[in-house]
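If you want my numbering, it's the position in the sequence shown, counting the first as 1, plus 60. Note that beta-carbon positions come from the ideal geometry of N, C-alpha and C, so glycine has one too. Structure first, commentary second.
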Amino acid sequence: MKKVGLISLGCPKNQVDAEIMLGYLTKAGFNLTNNENEAEIAIVNTCGFINDAKEESVERIIEAGRLKEKGNCKFLIVAGCLSERYKEDLIKELPEVDAFIGISEIEKIADVCRKLIDKGEHIGSPLQVQEPVSRILINPQHYAYVKISDGCNNRCSYCTIPSIRGSYKSREIETIINEVEQLVSKGVKEINIVAQDTTDYGLDIYKKRRLAELLKGLVKIKSLFWIRLLYTYPEHFDDELINIIASEKKICNYIDIPIQHIDDEILKKMKRNSSEKQIRGLIERLRHRIPDIVLRTSLIAGFPGETEAQHKRLYDFVKEAGFHRLGVFAYSKEDGTAASRYKNQIAQKIKDRRKNEIMRLQSEISLNKNRELIGKTLKALINGLSSESELLIDGRYYGQAPEVDGVVYINDVGTDLCVCPPNTGEHIGSPLLKAGDFVNVEITEAHEYDLVGRVI
61 MKKVGLISLG
71 CPKNQVDAEI
81 MLGYLTKAGF
91 NLTNNENEAE
101 IAIVNTCGFI
111 NDAKEESVER
121 IIEAGRLKEK
131 GNCKFLIVAG
141 CLSERYKEDL
151 IKELPEVDAF
161 IGISEIEKIA
171 DVCRKLIDKG
181 EHIGSPLQVQ
191 EPVSRILINP
201 QHYAYVKISD
211 GCNNRCSYCT
221 IPSIRGSYKS
231 REIETIINEV
241 EQLVSKGVKE
251 INIVAQDTTD
261 YGLDIYKKRR
271 LAELLKGLVK
281 IKSLFWIRLL
291 YTYPEHFDDE
301 LINIIASEKK
311 ICNYIDIPIQ
321 HIDDEILKKM
331 KRNSSEKQIR
341 GLIERLRHRI
351 PDIVLRTSLI
361 AGFPGETEAQ
371 HKRLYDFVKE
381 AGFHRLGVFA
391 YSKEDGTAAS
401 RYKNQIAQKI
411 KDRRKNEIMR
421 LQSEISLNKN
431 RELIGKTLKA
441 LINGLSSESE
451 LLIDGRYYGQ
461 APEVDGVVYI
471 NDVGTDLCVC
481 PPNTGEHIGS
491 PLLKAGDFVN
501 VEITEAHEYD
511 LVGRVI
């Protein structure tokens, strides 16, 4: 059977889609390869959320297309959000692509590959929530993303997700628990719960939000050690959810809450359903109930009509709130969104300046937060040998989500410990320290995003 190589771009939700496709391909008998020069079929799973992501996707498609000219590649398939949103335009602009499949077709990926091999054609299918029973994990085997829903019922004025992925569609609690049990049986120690809005989970199929109930089921799974919540919305964060996070040791004291802005006028223009009072109140409740909570958020700088005073208001709030982790996006004007038609669009130079001002402030905040950890002992999940140096190991403590946050660099493992490269099982000496292990680490140094420590 032909070898297939897949490149996945974008967010963790997109990564889950890629892992589902790999599962279907493996089940159908295709061989997978990480070597692009070996791939006879190349798949680029694209992101189409903002302009930078679209540009990166097109660049990777063009790069993959060159493999057809000089490499072993016979067919090129483009999947994901960009294909879902711009299929007709892409067909005209990228003739080197043999098939375009949107998110509504990922369960047909093996059929698409077969038909390309046999006839050079493919068939679409209706949008539905995928049940990833045979995922092939792209990331290291000790952590995984679990998508509890697809689509979104929020209609933020800047966002294209509802037009790409449709309205909110929750998966049933039982199917999610079954998937996590399968992942844990394969060695996964940490799951990161993702959706467009995780806190809206269950409303469409159960007539009430049931994220807390889902968490109560997940914490019962043996050998699952960390559960992390990403993409929560402040307006849906109730006391029941706060209480279960506070009371269950398996749920990381880490919450990702993208607030986008703090000024009520801007929030209204964004068509967000939250307010400054609500956001401040939630942060206060979380920190009161969970004193060691680590909070991450995302912001948009330079939204249409944002004044210097409103930017300063956001800047001052960031300084006051003291988020441990924070990302800022310069507003991206997306076709078909309400915000793209707003007057008073802001020049890119100003958007970038506002973004950079907040990020410089956040660098100082992050460094100070990390310095508070020096001398403390934290439990860390080992990733394996560091990509920075073979003399270092890296891991993460509960306050560091995979890929988006920093790591804990370990420069002293003790005389009796050794390191096993990820997913190999090879080691010298005893006891073994390998990817997926938990160890206690004393923090000895702090940097803006990363920590340094030693095993104790």
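Starting from residue i, follow its DSSP beta bridges and name the residues at the other end.
i	result
Gly496	Gly496 is not bridged to any residue.
Thr359	Position check: residue 359 holds Leu in this sequence, whereas Thr was assumed. In the DSSP output, where bridge partners are listed per residue, Leu359 has Gln320, Val388.
Glu505	Val512
Ile315	Leu289, Leu355
Asp472	Arg514
Ala137	Just to set this straight, residue 137 is Ile in the shown sequence, not Ala. Its beta-bridge partners are Ile103, Ala159.
Tyr203	Glu250
Asn303	Paired residue(s): none; Asn303 is not in a bridge.
Lys63	Asn91
Asp454	Gly444, Tyr469
Asp210	Lys229
Ser68	Asn105
Skipping 5 residues on each side, what residues in its chain have a beta carbon closer than 6 Å to that of residue i?
i	result
Ser335	Asp324
Lys73	Lys207, Val254
Tyr7	Outside the displayed span of the chain (61 to 516) sits residue 7, for which this structure offers no information.
Trp286	Glu250, Cys312
Ile237	Gly277
Val193	With a pLDDT of 48 at Val193, under the threshold of 50, the modelled position of this residue cannot be trusted; read the value that follows with caution. Counting only Cβ-Cβ distances below 6 Å, and skipping sequence neighbours, we find nothing.
Gly365	Asn404
Ile265	Ser230
Ser358	Pro318, Gly387
Ile406	Gly362
Asp497	Ile442
Arg356	Asp316, Arg385
Arg145	Gly108, Ile224
Leu284	Val244
Cys173	Ile101
Gly382	Ile425
Asp352	Asn313
Asn213	Ser227, Tyr228
Please work out which residues of its chain come closer than 7 Å, Cβ to Cβ, to residue i, disregarding the five sequence neighbours upstream and downstream, and give them in chain order.
i	result
Ile339	Pro294, Ile319, Ile322
Leu433	Ile503, Ala506, Leu511
Lys246	Gln201
Glu79	Pro192, Arg195, Ile196, Leu197, Ile198
If you drop the 5 nearest sequence neighbours on each side, which residues of the same chain put their C-beta closer than 8 Å to that of residue i?
i	result
Ile302	Arg345, Leu346, Arg349, Ile350
Leu69	Val104, Asn105, Thr106, Cys107, Ala113, Glu116, Ser117, Arg120, Gly140
Glu148	none
Ile418	Leu359, Ala361, Leu374, Tyr375, Val378, Leu386, Val388
Lys436	Glu502, Ile503
Gln422	Val378, Phe383, Leu386, Val388
Please decide whether residue i counts as near chain D, where near means a Cβ-Cβ distance under 8 Å.
i	result
Cys216	Included in the structure is just one protein chain, with no chain D present.
Taking residue i and residue j to be in contact with their CB atoms under 8 Å, please state how far apart those CB atoms are, rounded to whole angstroms.
i	j	result
Arg401	Asp465	No, Arg401 and Asp465 are not in contact; Cβ-Cβ is about 35 Å, not under 8 Å.
Glu98	Lys63	5 Å
Asn281	Val240	Inspection of the sequence shows that residue 281 is occupied by Ile rather than by Asn. Yes, Ile281 and Val240 are in contact; Cβ-Cβ is about 6 Å, under 8 Å.
Gly65	Thr93	5 Å
Lys494	Ile425	Lys494 to Ile425, Cβ: 34 Å. No contact.
Tyr457	Leu438	4 Å
Asp472	Arg514	4 Å
Gly459	Val467	Actually they are not in contact, since the Cβ atoms of Gly459 and Val467 sit about 11 Å apart, beyond 8 Å.
Leu271	Thr259	6 Å
Tyr218	Met81	29 Å between Cβ atoms; not a contact.
Ile110	Ser449	With a Cβ gap of about 33 Å, Ile110 and Ser449 do not count as contacting.
Arg332	His296	12 Å between Cβ atoms; not a contact.
Ile326	Gln370	6 Å
Open item on the list: Quick check for students: name the residue ranges of the alpha helix (DSSP H) that lie wholly in the segment 362-449, counting only runs of 4 or more.
Closed with: 368-381, 408-431
Open item on the list: Quick test of the definition: if touching needs 3 or more C-beta pairs under 8 Å, does the segment 150-160 touch the segment 79-89?
Closed with: no
- [ ] Go through the segment 219-295 residue by residue and report every complete run of the alpha helix (DSSP H) that reaches 4 residues or more, in order.
- [x] 221-225, 233-245, 263-266, 271-278
Task: 3 or more residues per run - each beta strand (DSSP E) lying fully within the segment 326-352 - done: Given a length threshold of 3 residues, the segment 326-352 has no whole run of the beta strand (DSSP E) inside it.
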